[in-house]
Amino acid sequence: MSDPLHADRTLALSFGSEAESYEQHRPDFPPEMMDVVAALGHRVLDVGSGTGKAARALLDRGCSVLAVEPDVHMATIARRKHVVVEEGTFEEWDPRGRVFDLVTFARSWHWVDPRTAVDTLTRIVVPGGHVALMTHEASWSLFAHEPVKSVVERYVRPDDTPRRRPTDERTVALFTDAGFDVRVEEFPTTTVVPVDEWLDAMFTYSRFLVLSPEQKVELRRDLAEAIGAGPVTVEGTPRAVITHRTR
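Going by the working numbering, the sequence shown opens with residue 16, and the numbers climb by one from there.
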């Protein structure tokens with residue numbers, strides 16, 4: 016079995032090298048998703064906040080938000096948006112007695128040790144509070160199609176995709192055992208983008224960020240050839256795994 020993704024710190028800390036590109040090219044979470052999540056609680060901790068996309072959306076909806084982010088470059092961009100950020104990993108972060116109505120992981124759950132995280136969540140989420148694990152990987156939908164899939168597999172290790180995050184069953188079991196009820200809400204999206212815009216977004220993902228400069232050039236060229244003139248239809252189902260602390 017391959018190592019869990021959170022243990023690969025090279026991948027986990029790869030985003031800072033392209034923080035500005037991440038901010039520009041990664042899609043925001045669907046507004047409908049953010050409306051649902053913001054209604055779950057006022058005092059929010061956003062873990063692995065990145066450039067603050069979700070944190071800023073929660074602030075705009077009236078939440079009080081504290082962010083935790085291990086990368087200084089990503090944190091700098093979040094602070095430009097007036098997000099309060101404490102730097103460090105969630106595993107090392109000290110809550111200092113603070114508790115929250117809602118803890119969010121916006122595209123970041125797979126970067127934490129799930130067992131350690133759930134143990135911490137049982138101490139900082141108030142009874143009746145919530146945890147929301149948000150995903151937004153619609154851009155990857157094209158990778159299910161040939162010849163794009165075959166191009167990617169020439170550059171990315173075969174066991175990379177299974178490491179992206181724990182299975183839903185494992186995640187649900189961890190939270191259920193810790194006294195949380197779990198539900199999933201889905202927010203299907205479809206967008207049409209130029210090929211260059213899709214490629215720009217792809218090269219903000221860790222599996223590509225850690226490639227050598229030469230490999231990045233070659234991969235971008237090969238992907239462009241595989242896709243053709245475009246445009247690219249990007250379909251996906253952003254999800255919010257919402258857990259409610261019942262004890």
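Ideal Cβ positions, reconstructed from N, Cα and C, are used throughout, including at glycine.
Taking a contact as a CB-CB distance under 8 Å, the pair Thr219 and Glu250 does not count as one, their CB atoms being some 19 Å apart. Closest option to Pro42, judged by alpha-carbon separation, among Pro228, Gly65, Asp183: Gly65. At the C-beta level, Arg122 and Met149 come within 8 Å of one another. With a beta-carbon spacing of about 7 Å, Pro129 and Thr186 fall inside the 8 Å limit used to define contacts. Straight across, the Cα-Cα distance linking Glu84 with Thr261 is about 28 Å. Judged by DSSP in its simplified three-state form, Val98 adopts coil rather than helix or strand.
A Cβ-Cβ separation of about 10 Å leaves Phe115 out of contact with Val62 under the 8 Å criterion. In this structure, His145 is the residue among Glu107, Asp50, His145 with its C-alpha nearest to the C-alpha of Phe190.
Apart from sequence neighbours up to five positions away, the residues of its chain that approach Val51 with a beta-carbon distance below 7 Å are Glu200, Ala255, ordered along the chain. A straight line joining the alpha-carbon of Asp183 with that of Gly194 spans about 17 Å. The residue from Glu33, His57, Ala132, Leu224 with its alpha-carbon nearest to that of Tyr170 is Leu224. If you look at Phe44, you'll find it isn't in any alpha helix (DSSP H); DSSP assigns it neither H nor E. Residue state for His88 is assigned as helix, using DSSP reduced to three classes.
Residue pairing from DSSP places His145 in a beta bridge opposite Leu117, His259. For the set His259, Pro246, Trp213, the Cα lying nearest the Cα of Arg198 is the one of His259. In the three-state scheme derived from DSSP, where H, G and I count as helix and E and B as strand, Thr137 is classed as helix. Under the three-state reduction of DSSP, Val127 is assigned to coil, being neither helix nor strand.
Rounded to the nearest angstrom, the Cβ distance from Phe44 to His125 is 16 Å, too far for a contact under 8 Å.
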